[in-house]
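Take any residue in the sequence shown, note its place counting from 1, add 1, and you have its number in this note's numbering. Even glycine gets a Cβ: it sits at the ideal position worked out from N, Cα and C. Down below is the structure, laid out as structure tokens.
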Amino acid sequence: MKVLKFGGSSVADAERIESLSKIIINEHERNAQIAVVVSALKGVTDTLINMGTTASTGSDVYLSDLETLHDRHNKVAKKLISQKDLFDLLTIIESYFNDLSDTLHGVRLVKELSDRTLDLIMSYGEQLSATIIAAFLRLKLPDIEYLDARKIIVTNRAFGSASIDEEVTYQKIRNYFNEQNKLPVITGFIAATSAQETTTLGRGGSDFTASIVGAAMNADAIEIWTDVDGVMTADPRKVPKAFAVPQMSYQELMEMSHFGAEVVYPPTIAPAMRYKIPIWIKNTFRPNVDGTKVTVEVNNQKNMLVRGISSVDNVSLLRLEGNGMIGIPGVASRLFGALARNQISVMIITQASSEHSICFGILPEYYKLARDVVDQEFSLERSAGLIDPVVVDNDVSMIAVVGENMSEMPGVSGRFFGALGRNGVNVIAIAQGSSEFNITCLINKKDESKALNVIHDEFFLSNVATINLFLIGTGLIGQALIKQIKLQVEYLRNDFNLEVKVCGLADRKTMLFDSDGIDLSCWREGLSNSTQSMEVNEFIRQMNEANLGRSIFVDCTASDLVASKYAEVINSSISVVTPNKRANSSSYQEYKQLNKLARLRGVDFYYETNVGAGLPIISTIHDLLLSGDKIHRIEAVLSGTLSYIFNEFQQGIPFHTIVQKAQKLGYTEPDPREDLNGMDVARKILILARECGHALELEDVTVEALLPQAVFDAESIDQFFSLLGEHSKGLNDRRDQVVKQGKALRYIASFVDGVASIKLEDVDALHPFYSLSGSDNIVAIYSSRYNDQPLVIKGAGAGADVTAGGVFADVIKIGKR
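What follows is the structure in structure tokens.
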């Protein structure tokens with residue numbers, strides 16, 4: 002025998018009922034005996050509850066809902082049943098609604114809705130759906146019979162969530178099937194007392210009905226047909242990458258269900274587990290999908306340590322604490338005894354070994370009662386100052402990872418909490434049983450979605466890392482970065498299991514957000530059509546609100562304002578990658594604070610491209626220092642612009658002509674004075690000095706001026722070039738003299754014995770800087786290991802592509818952590 006249960010989503014309307022009929026007919030042809038259990042049409046039970054509640058206030062507003070509900074069931078019947086067979090069915094439906102109307106009228110008159118009456122009101126949902134489905138199936142299968150579960154399931158009088166009398170119920174079920182040769186369509190969810198009072202088995206009780214019938218008949222299988230492909234690794238509404246688990250044990254399913262997975266009503270599992278009846282979770286809308294099989298033993302699925310992740314998104318955390326609890330026997334007994342006497346169920350308990358406090362989580366609707374009950378229980382201790390009043394936190398979610406393979410497997414907890422910690426999710430409380438079937442923690446509710454996704458990535462997609470970028474600045478570097486990401490997306494995903502998404506983008510005017518990733522083939526149109534004006538604080542607020550795991554803030558501007566926000570971003574546990582030198586070349590205190598803050602928050606602050614564009618200068622210095630080397634001196638050409646100018650200057654062309662040429666080629670800033678004043682180089686050598694451990698400020702860097710101040714004070718760029726021609730004769734003469742000596746002019750930044758300086762120097766053919774060409778940068782590092790011959794790093798030190806490449810490399814480095 003096989004029992005098939007169809008939930009509300011599977012019987013939502015006529016079309017879906019037609020779909021499930023095909024499943025039933027196919028199953029009937031394959032099996033000698035089946036039973037079908039159905040829920041109310043989707044949403045009907047909630048409507049019935051609302052009508053009862055409204056009627057209890059004395060209002061007749063419920064009448065419109067009653068009429069709508071009546072009309073809905075009639076329409077479903079009319080779509081399914083031909084006109085000649087319809088009259089009898091509509092008569093039965095009319096009878097149900099007359100009875101329901103009378104019951105609701107009585108509730109309205111007495112202005113009282115007891116649990117017993119509410120159970121009766123709710124029962125009409127299943128009676129109606131089962132009657133309609135049975136009538137429709139009877140047209141195709143003559144041996145179909147409507148079966149009111151109140152005839153076969155007997156419970157106590159705990160209305161709302163009744164417990165079955167197993168011995169009597171099982172005997173009634175066996176008697177029915179032994180005496181009948183029918184295919185019953187059974188009302189789920191409802192039952193009756195021995196006195197024929199209508200009861201319900203709790204929300205989700207239709208699953209329980211199927212399990213009871215299956216257990217009584219020792220069925221071959223119980224199939225729960227729903228709207229998902231099986232038990233998912235996580236809630237797909239919160240974790241888009243969730244997928245169906247092929248197999249799962251009863252214990253794992255029970256843990257998942259307890260901790261928020263809604264696919265199966267928790268009491269369903271016990272009867273099936275007792276008789277070792279497999280439970281199948283299948284999708285009504287994709288019947289050919291295998292679904293999830295739940296049994297006693299599960300074959301290991303590719304070392305799947307965790308079988309699933311569940312969450313309860315709304316939990317109240319209550320904390321009882323005080324010095325009067327330490328070493329006092331019976332505190333826990335009194336606490337949980339008081340809660341039990343008031344029918345308050347506890348979801349999670351943690352207690353510190355110091356015995357100073359006990360935390361417990363409950364459903365939010367009970368927190369006020371729980372607080373008052375506990376405060377009353379310990380009123381004497383509170384009066385004496387031994388125990389504090391109960392503290393309540395309602396902004397909490399509970400997350401659990403479940404899996405039998407976690408047992409005795411080292412490192413599972415480390416991976417679980419490590420994934421949360423790396424993504425800035427603070428854990429409030431932790432619980433893990435000695436069975437090691439689950440690890441449960443409480444976190445801030447706002448972090449629930451991020452936590453679920455990063456944990457899911459860690460255990461189910463640990464070979465795939467999703468990087469979520471929030472990029473400010475779409476100038477040359479920003480554009481080049483977007484282009485590189487777009488070109489590399491498939492390669493990174495297929496060959497390195499990295500998924501890179503740009504989830505936030507901003508230029509000077511507008512900003513654009515999409516948590517699923519902005520389409521990089523039309524990002525310009527997206528930005529230009531965006532109605533959100535760019536404002537840095539608002540950009541950061543929306544980035545924080547998105548609360549995505551592995552988020553990286555990328556600043557491709559040269560803005561002091563954006564750089565000033567790095568600390569705020571890092572404090573939100575978001576990594577920062579930037580070519581913008583403003584933050585690291587501001588005060589030494591800010592430079593140190595940003596790096597310290599990144600370490601404290603467990604995120605990254607990467608700025609390799611602050612110096613030398615894509616050249617590995619800063620990372621090389623880090624590696625030398627970490628390995629115990631000591632850096633004594635650094636000499637460098639750190640401006641791609643000035644490198645190009647002085648390389649070209651060797652050819653006998655006047656200095657001002659070369660500067661004009663460099664500007665036209667895009668090697669200089671729009672205003673070349675920003676390159677020629679040496680401050681860009683000063684910031685770079687300052688950063689390198691700081692990376693070597695020296696507390697220098699920008700004003701400590703001595704900068705030799707290339708030109709008289711009058712040139713820099715020009716009122717316009719045109720005037721600047723005019724003055725440049727007049728005042729660069731000294732440079733032209735010096736160049737001629739140096740070339741005659743077989744040397745070359747280089748604008749060299751140096752850091753020696755704690756002193757940083759920049760000056761124009763002439764170097765001979767033996768010097769490593771002599772052979773520079775184009776816009777190359779070069780850095781010579783003299784250390785204890787590289788003393789006689791320096792470690793030299795040389796290459797393109799300017800240009801959007803190489804700088805963007807360096808930024809991209811930093812991003813990938815973070816993503817692979």
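Residue i - partner residues in DSSP beta bridges
i      : result
TRP226 : PHE7, LYS283
SER250 : THR296
PRO185 : GLU146
SER576 : ILE553
ALA507 : ILE473, MET512
TYR748 : LEU761
ASP777 : ALA797
PHE606 : VAL577
VAL313 : MET399
GLU539 : Paired residue(s): none; GLU539 is not in a bridge.
PHE361 : LEU319, ILE350
THR200 : ALA192
Which of helix, strand or coil DSSP assigns to residue i
i      : result
ALA634 : Sequence inspection shows Arg at residue 634; the Ala mentioned does not correspond to that position. In the structure shown, ARG634 sits in a strand (DSSP, three-state: E or B).
SER398 : strand
SER83  : coil
THR118 : helix
ILE619 : helix
MET544 : helix
MET255 : helix
ARG674 : helix
VAL347 : coil
ASN99  : helix
PHE379 : coil
VAL214 : helix
PHE1   : As shown, the chain starts at 2 and ends at 818. That puts residue 1 outside it, with no answer to give.
THR104 : helix
LEU443 : strand
TYR783 : strand
GLY323 : coil
PHE647 : helix
GLU700 : helix
GLN742 : coil
LEU421 : helix
VAL62  : coil
ALA599 : helix
LYS685 : helix
Distance between beta carbons of residue j and residue i, contact taken as under 8 angstroms
i      : j      : result
LEU549 : ASN469 : 4 angstroms
ILE571 : ARG602 : 6 angstroms
PHE514 : CYS523 : Not a contact, Cβ separation roughly 15 angstroms.
SER130 : ALA41  : 5 angstroms
LEU140 : ASP86  : 7 angstroms
GLY203 : TYR266 : 7 angstroms
GLY309 : VAL232 : 6 angstroms
SER723 : PRO655 : Wrong, their Cβ atoms sit about 13 angstroms apart, outside the cutoff.
VAL316 : MET348 : 7 angstroms
THR467 : GLU500 : 4 angstroms
GLY215 : ILE278 : 5 angstroms
C-beta atoms of residue i and residue j nearer than 8 angstroms
i      : j      : result
LEU81  : PHE137 : yes
VAL391 : LEU340 : no
MET1   : ASP72  : Nothing can be reported for residue 1: it is not among the residues displayed for the chain, which extend from 2 to 818.
LYS446 : ASP517 : no
LYS239 : LEU453 : yes
VAL812 : VAL537 : no
PHE752 : ARG634 : yes
THR351 : ILE473 : no
TYR608 : ILE619 : yes
ILE25  : VAL12  : no
VAL45  : ALA211 : no
ILE153 : TYR177 : yes
ILE478 : THR804 : yes
ILE174 : ALA217 : yes
ALA401 : GLU256 : yes
Residue i CB to nearest heavy atom of the ligand FMN below 7 angstroms
i      : result
PRO247 : Among the ligands in the structure shown, none appear at all, so the ligand FMN cannot be discussed.
Cutoff 8 angstroms: residue i Cβ touching any chain B Cβ
i      : result
ALA568 : As a matter of chain content, chain B is missing from the structure shown, which is built from one protein chain.
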